[in-house]
Every structure is written in C-alpha cells, then in structure tokens.
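In the working numbering, the protein residues as written are 10 to 404. By construction, the Cβ of each residue, glycine as well, lies at the ideal position given by its N, Cα and C atoms. Accompanying notes for the structure given below.
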C-alpha cells in the first residue's frame with residue numbers, strides 16, 4: 010500500500026475518533042444556567058481587570074460591570090504601564106461612578122509604572138489586583154469583555170449550589186468579515202479538538218484543567234492554595250495555566266458556555282489575529298520544538314490534507330478523504346453551534362483557515378527562536394526565563 014493510502018486511512022480514522030469523542034462528551038459542556046433566586050448571604054466578589062493600551066475598550070467593559078445585578082461586588086482595574094489614555098479613562102470612570110447615586114459598586118484603580126523582574130506584565134497586574142482584593146471569590150477577566158447584567162449573579166449562584174472552586178466560561182466571539190471569522194472560529198475548533206475542554210468537567214484530577222481569560226472565577230482559598238499568579242508569573246497563557254494548576258491540585262472545576270452572557274471582539278483584523286497569536290502559540294507547546302513540529306504535521310495531515318486529496322486524488326484514497334472532509338465540516342458546524350450558537354456557514358474556508366493557523370504556528374516558533382524570546386505587550390522576555398518551570402502548590 011502506498012504512503013498516501015496509509016495517510017488517507019489514518020486521516021479518516023482520526024476524524025471518526027474525533028466524531029465519537031465529541032458525540033460522547035459534548036453534553037458535558039453545557040450552558041451556564043440562569044439563577045432562579047438570590048442567595049441569602051451573597052459573598053463578596055472581587056473583579057480584577059488588567060489593562061494595557063486598552064483605551065478603546067476599557068470604558069465599556071467597566072460600565073458593563075458597574076451595571077451588574079449582583080449586590081456585593083468590587084471592581085479593581087489595573088492600568089499596567091499603558092502609554093495611551095487607558096489610565097485617564099479609568100480615573101474618569103471612577104469619578105463618574107462616584108457621582109452616580111444608583112451605582113453602589115466600588116471601583117478601585119491601580120496604576121503600575123514599573124515591572125519587576127520575573128513577571129509578565131499582565132500576570133503581575135492581576136497579582137497586584139489580588140493583593141487589594143477583599144472578596145471570597147475572585148473574577149479575573151480581560152479589558153475588552155462585555156458582560157450581561159446577570160452574569161456574575163448566575164456564576165456565583167452556580168458555584169455555591171454546585172460547590173465549585175473554579176468556574177470558567179466561553180464567550181461569544183465577534184469577528185467582522187468572513188476570512189477573520191473563519192480563522193478565529195477555526196482556531197477555537199482546532200483548540201477544542203486538541204484540548205477537549207469538556208474533560209475538565211469530569212471530577213478526576215487526572216483529567217486536564219482549563220481556564221479562559223474572558224471569565225476565570227475562583228474561590229480565594231483555591232487561588233491562594235496553588236500559589237496565586239506567582240506560580241505562573243512568566244506564562245503568556247496564564248488563563249489556561251490557572252485552570253490547569255487548579256484542576257491538578259484537586260479543586261472542583263467547571264467549564265461552561267457563557268455565549269449568552271459574555272461577548273468579545275477578540276481581534277479586529279486578520280493581521281491583528283495572526284500577530285496576536287504568534288506571540289503566545291509556542292508557549293502552548295511548552296516551548297518544545299518537537300511538540301510544535303507534531304502540531305504542524307497534525308494541521309497539515311488531518312486538517313489540510315483531506316481537502317487536497319479531495320481535489321487531487323480520483324481513486325479510493327480520494328473517496329476516503331472526501332468522507333474525512335464531510336466529517337470535518339459536520340464537527341465544525343456542531344461545535345460552533347454548541348459553543349457560540351453559530352451555524353458555521355464559513356466552513357468552506359476551513360482549508361484556508363487551517364493553512365493560516367499552520368503559518369502562524371511556524372512563524373511563532375521561528376520568531377521566538379530568532380529573538381531568543383518573545384515581545385509581549387512591549388516588553389521582551391527571554392526564552393530562558395519563559396522556560397522556567399513553576400511549581401504549583403497541592404491542596
């Protein structure tokens with residue numbers, strides 16, 4: 010049998026495996042239910058936002074948080090060395106909120122001017138926010154997320170009723186234009202097949218954990234037990250690592266869909282998306298060239314290969330790859346609908362999106378190697394620093 014024949018069989022088997030995995034487990038990734046009644050003694054929740062050069066989005070994000078229905082809330086916005094008007098916008102928001110009689114949520118602003126050695130800027134900013142936080146629960150979120158008014162109320166009620174230590178939510182991701190939408194959605198699709206986020210909802214600590222930057226709500230006791238952000242001080246994927254550390258330490262974790270409660274425009278253009286991802290994709294492979302090469306081969310063989318075979322091979326191998334293409338499209342549409350209520354009509358762009366992601370991975374590895382590290386939000390971090398292994402604290 011030829012090499013192409015073997016690859017065709019392996020590719021089809023992979024997509025059948027993916028189909029079975031999704032069909033058997035997608036029910037584990039449910040939607041955050043609405044709260045039916047108010048808690049008798051609602052705990053204080055501290056919302057911490059790290060903002061660097063976010064003058065265009067920070068105002069709307071904070072205003073949405075100030076409009077939450079939840080009765081016991083404090084918001085701590087950390088201006089992380091911004092060179093634009095982010096700090097000014099935050100100070101204006103604090104003055105504005107203090108002058109409103111119908112706003113009872115405390116808004117605290119922290120301005121950071123220097124970054125100490127051994128920290129990524131965002132992680133340091135979130136940690137500084139935690140040092141000022143008084144809440145029993147801490148919500149880490151990004152500076153461009155729009156919250157529905159009931160979001161925090163629903164989240165806290167769910168965590169209390171189900172004895173959950175860490176709740177992370179997937180947002181509805183906005184993207185303008187078919188090509189950008191296809192690329193962003195494909196990244197979510199391939200990431201889901203790689204990480205299989207539904208596994209985090211199984212009780213076993215052996216299952217991998219997950220965290221999503223749009224919404225990471227954690228109990229103070231769990232956050233402090235794993236060593237806070239000090240344990241992941243140099244991780245660009247801090248949101249994911251926070252979830253991994255919490256699950257590994259044995260805390261109860263849930264990942265749910267928040268598509269009806271959270272909204273974000275992740276990137277405004279395709280170029281911005283590629284540039285943004287190339288800075289931290291390599292970190293997702295633990296800065297291992299071997300893992301990165303395997304990831305590239307996986308994209309090429311299992312995601313792009315079936316489409317090429319569909320066009321170029323007019324025999325039984327092409328027929329097998331045609332079935333693989335059909336399974337890929339079907340799974341893509343199913344996951345898009347389940348995660349974001351999107352029909353996945355841009356599925357015809359799957360091979361283009363896969364090729365763009367492959368290019369982004371290669372460029373991420375190459376740039377990191379060439380520079381000897383990464384430039385993250387205006388600061389350079391050496392590969393030697395980034396490879397330092399943190400040591401999580403067990404429960």
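Review point. What are the start and end residues of each continuous alpha helix (DSSP H) run of 4 or more residues lying completely inside the region 235-289, in chain order?
Key: 247-257, 279-287
Review point. Within the chosen definition, does the region 149-164 reach the region 24-39 through at least 3 CB pairs nearer than 8 Å?
Key: Contact fails: fewer than three Cβ-Cβ distances are below 8 Å.
Review point. Quick one: any contact between the region 72-92 and the region 190-200, if contact means 3 or more CB pairs under 8 Å?
Key: no
**Study point:** From 183, 254, 204, 213, residue whose alpha carbon lies closest to that of residue 225
**Key:** Comparing Cα-Cα distances from residue 225 to each of 183, 254, 204, 213, the minimum goes to 254.
Exercise for review: Identify every residue that forms a DSSP beta bridge with residue 55.
Suggested key: In DSSP, residue 55 forms a bridge with 83, 147.
Exercise for review: Pick helix, strand or coil for residue 382, following the three-state DSSP scheme.
Suggested key: Reduced to three states, the DSSP call for residue 382 is strand.
Check your understanding: Where does residue 400 sit, in a helix, a strand or coil, going by DSSP?
Key -> Summary for residue 400: the model assigns pLDDT 48, below 50, so the residue's position carries little reliability; its value from the coordinates is reported in the next sentence. Coil, per DSSP.
Check your understanding: Starting from residue 405 and walking both ways along the beta strand (DSSP E), at which residues does that stretch end?
Key -> No answer is possible for residue 405: it lies beyond the span of the chain, which begins at 10 and ends at 404.
Exercise for review: For the alpha helix (DSSP H) containing residue 162, list its first residue and its last residue.
Suggested key: 160-171
Review point. Thinking just about the alpha-carbon of each residue, which of 394, 380, 252, 125 is nearest to the one in residue 227?
Key: 252
Check your understanding: Taking three-plus beta-carbon pairs below 8 Å as touching, is the region 136-147 in contact with the region 254-271?
Key -> no
Review point. According to DSSP, what are the bridge partners of residue 175?
Key: Partner(s): 227, 262.
Review point. Buried or exposed: where does residue 347 fall if 16 or more other Cβ atoms within 10 Å of its Cβ makes it buried?
Key: buried
Point to revise | C-alpha distance - residue 137 paired with residue 328, whole-angstrom precision | key: 57 Å
Check your understanding: Bridge partners of residue 88, per DSSP?
Key -> 60, 120
Exercise for review: Could I get the ranges of all uninterrupted beta strand (DSSP E) runs contained in the region 338-387, with 3 residues as the minimum, in chain order?
Suggested key: Entirely contained in the region 338-387, the beta strand (DSSP E) runs reaching 3 residues are, in chain order, 382-385.
Point to revise | DSSP bridge partner residues for residue 10 (one or two, in chain order) | key: None; residue 10 has no bridge partner.
Exercise for review: Look at the alpha carbon of residue 115 and the alpha carbon of residue 165, and state the distance between them as a whole number of angstroms.
Suggested key: Cα-Cα distance, rounded: 18 Å.
Point to revise | Length of the line joining the Cα atoms of residue 80 and residue 24 | key: 47 Å
Check your understanding: Just how far apart, CA to CA, sit residue 318 and residue 284?
Key -> 30 Å
Review point. Apart from the five residues just before and just after residue 17, which ones in its own chain have a Cβ nearer than 7 Å to its Cβ?
Key: 318, 326, 329, 330
Point to revise | Among 183, 231, 264, the one whose alpha carbon lies nearest that of residue 216 | key: 264
Point to revise | Cutoff 6 Å; reference residue 99; Cβ partners in own chain excluding five residues on either side | key: If we look at residue 99 and ignore the five residues flanking it on each side, its Cβ neighbours are 86, 88, 118.
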